[in-house]
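Residue numbers (our numbering), protein chains in the order written: chain A, 757 to 959; chain B, 757 to 959. Heads up, the beta-carbon is just placed ideally off N, CA and C, and yes, glycines get one too.
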């Protein structure tokens with residue numbers, strides 16, 4: 757395992773392993789259920805991570821009923837159907853394009869942001885998608901922080917999921933995430949990562 | 757400080773505090789420089805966090821020279837200029853829309869994905885923006901993992917930054933992040949977060 761200069765970081769090595777180095781996108785899980793209480797603990801942690809203007813546009817739907825699971829599986833890409841059917845818990849992560857309704861509560865020093873900055877739907881769609889996507893990243897790491905494995909997926913019929921799960925027309929699915937304890941051999945071998953010099957440049 | 761059920765999580769409480777509960781978007785920093793070595797340690801950690809198809813479309817430009825800093829500050833929104841001018845280090849985070857060129861190396865089991873899935877630029881722009889935005893979230897938490905504070909910003913002239921810093925026309929800025937050790941009173945009081953029941957529903 758490559759562990760370049762982990763000692764430089766303030767985060768302790770066990771936490772580095774849990775969240776990043778030893779965590780893998782997971783396709784196979786044990787049967788152990790995932791409680792609402794644990795998902796709440798994840799949320800109560802990751803809610804603190806930043807969004808622009810404190811927008812917090814991410815919304816999460818926990819797919820618990822057999823009927824809803826079946827509906828969702830039917831809307832996943834073929835390669836994602838079986839693992840989505842079998843995972844202990846599946847969450848739909850979506851952006852709420854009407855997030856601005858909450859802003860007077862969320863940015864009390866500037867309540868008029870709701871209308872002055874975010875009055876137009878296209879502005880909210882752009883900002884809501886961007887910031888909810890940041891929150892998808894935080895949520896994935898939060899699942900790992902709970903000692904669980906995440907299997908995030910973007911292969912699905914997005915319009916179909918929006919229609920089936922968000923009939924108000926104000927939400928857009930960003931990712932579907934399988935959640936549970938990883939089974940033995942629950943993931944594929946890690947693929948290569950880009951080298952630092954391929955990603956980071958200096959001007 | 758609200759610390760709902762932190763004991764349920766596998767991540768130890770000190771790490772929870774470092775990454776989430778006691779971390780704040782920071783506007784004021786000490787003069788202490790941020791080394792390339794430390795940024796490399798951040799990258800070597802967060803590179804493991806997942807992207808769809810292992811795309812890794814995020815690119816990072818560290819703005820070190822006075823000339824580049826001045827150019828960037830001129831393209832920031834008025835409210836972001838002073839803190840961007842003063843931060844020990846500023847990073848431009850962008851999506852690379854030509855990320856598919858690396859895919860034969862990054863998904864060696866399916867090298868034809870480069871053309872079969874990502875041959876069209878609009879597909880790459882959508883996927884690249886989404887996945888690089890996930891990576892922006894990981895990078896912000898990685899800065900905190902290094903014991904540094906992050907001040908991520910989205911208020912800037914995006915087309916101007918793309919033109920000034922990515923003249924190839926193949927990159928799109930997603931965020932600009934000030935990085936350093938936080939000064940005393942380097943942040944504003946925390947704004948409210950949405951309650952669990954406002955964000956998470958069950959079907």
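Residue closest to residue 926 (chain A), alpha-carbon to alpha-carbon, out of A:917, A:933, A:792, A:932:
The count along the first chain starts at 1 and reaches residue 926 (chain A) at position 170. Measuring from the Cα of residue 926 (chain A), the nearest candidate turns out to be A:917.
Thinking just about the alpha-carbon of each residue, which of A:948, A:921, A:932, A:823 is nearest to the one in residue 803 (chain B)?
Within the second chain, residue 803 (chain B) is the residue found at index 47, counting from 1. Among A:948, A:921, A:932, A:823, the Cα nearest to that of residue 803 (chain B) belongs to A:948.
With 8 angstroms as the threshold, decide whether the Cβ of residue 1030 (chain A) is near any Cβ in chain B.
The displayed coordinates of chain A run from 757 to 959. Any statement about residue 1030 (chain A) would go beyond what the structure contains.
Give a yes or no on whether the C-beta atoms belonging to residue 907 (chain B) and residue 781 (chain B) are separated by under 8 angstroms.
On the second chain, position 151 is the one that residue 907 (chain B) refers to. On the second chain, position 25 is the one that residue 781 (chain B) refers to. Yes. Within cutoff.
By DSSP's criteria, residue 846 (chain A) is part of a beta bridge. Which residues make up the other side?
Here residue 846 (chain A) is taken as the residue at index 90 of the first chain, counted from 1. DSSP output for residue 846 (chain A) lists A:819, A:934 as bridge partner(s).
Per DSSP, residue 908 (chain B) forms a beta bridge with which residues?
Position 152 of the second chain, counted from the first residue, corresponds to residue 908 (chain B). B:933.
Measuring alpha carbon to alpha carbon, tell me which residue in A:879, A:785, A:806, A:848 is nearest residue 825 (chain A).
One-based indexing of the first chain puts residue 825 (chain A) at position 69. For the residues A:879, A:785, A:806, A:848, the minimum Cα distance to residue 825 (chain A) belongs to A:848.
Through-space distance from residue 765 (chain B) to residue 836 (chain B), alpha-carbon basis:
The count along the second chain starts at 1 and reaches residue 836 (chain B) at position 80. The count along the second chain starts at 1 and reaches residue 765 (chain B) at position 9. If I take the Cα positions, the gap works out to 36 angstroms.
When the cut-off is 8 angstroms and only beta carbons count, does residue 786 (chain A) lie next to chain B?
For the purposes of this step, residue 786 (chain A) is identified with residue 30 of the first chain, where counting begins at 1. No, no contact with chain B.
Members of the region 797 to 816 of chain B that neighbour chain A once the beta carbon cut-off is set at 7 angstroms
797, 799, 800, 801, 802, 803, 804, 805, 806, 808, 810, 812, 814, 815, 816
At a CB distance below 7 angstroms, what residues from the region 868 to 890 of chain A approach chain B? Give them in sequence order.
886, 889, 890
Once the 5 residues before and after residue 943 (chain B) are set aside, which same chain residues still bring their CB inside 7 angstroms of it?
Translated into the one-based positions of the second chain, residue 943 (chain B) becomes position 187. Same-chain partners within the cutoff: 780, 781, 782, 783.
So what's residue 955 (chain A) in DSSP terms, helix, strand or just coil?
The residue given as residue 955 (chain A) occupies position 199 in the first chain. Helix.
To the nearest angstrom, report how far apart residue 813 (chain B) and residue 797 (chain B) are at their CA atoms.
Your numbering for residue 813 (chain B) matches position 57 in the second chain. Your numbering for residue 797 (chain B) matches position 41 in the second chain. Each residue's Cα considered, the two are about 19 angstroms apart.
Taking CB distances under 8 angstroms as the criterion, tell me whether residue 830 (chain A) reaches chain B.
On the first chain, residue 830 (chain A) is found 74 positions in, with the first residue counted as 1. No, because no Cβ of chain B sits closer than 8 angstroms to the Cβ of residue 830 (chain A).
Okay, do the region 864 to 882 of chain A and the region 933 to 940 of chain A touch, 3+ Cβ pairs below 8 angstroms being the bar?
no
Are any of the Cβ atoms in chain A nearer than 8 angstroms to that of residue 846 (chain B)?
The residue labelled residue 846 (chain B) in the question sits at position 90 within the second chain. By this cut-off, residue 846 (chain B) is not an interface position.
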